[in-house]
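Structure record follows, encoded as structure tokens.
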Amino acid sequence: NMDVQDGYERTKIILGQLLTFKSNESEDNMSAGVLEFISCIRKIQCKTGLACYF
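Written out as structure tokens, the structure is:
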């Protein structure tokens with residue numbers, strides 16, 4: 011279903027933007043694995059032009 015796929019894509023984009031928000035205060039409490047994952051999302055966002063907050 012195309013609507014479900016579009017909703018899924020929007021959810022991924024919004025979640026990625028929330029996790030990579032520059033002023034994310036909770037990064038101090040995140041494990042190294044989670045921070046590495048967020049770093050990967052940031053790189054993808056910059057390459058695709060979806061968002062780049064850092």
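When the letters of the sequence shown are read in order and numbered with the working numbering, they come out as residues 11 to 64.
Using N, Cα and C, we set each Cβ at its ideal position, and we do this for glycine too.
Between Ile51 and Asp38, the alpha-carbon positions lie close to 18 Å from each other. By the neighbour-count criterion, in which a residue is buried when 16 or more other Cβ atoms sit within 10 angstroms of its Cβ, Thr30 is buried. Phe31: not part of any alpha helix (DSSP H); DSSP gives it neither H nor E. Secondary structure of Ser49 (DSSP, three-state): helix. 9 Å or more divides the Cβ of Ile54 from the Cβ of Gly17.
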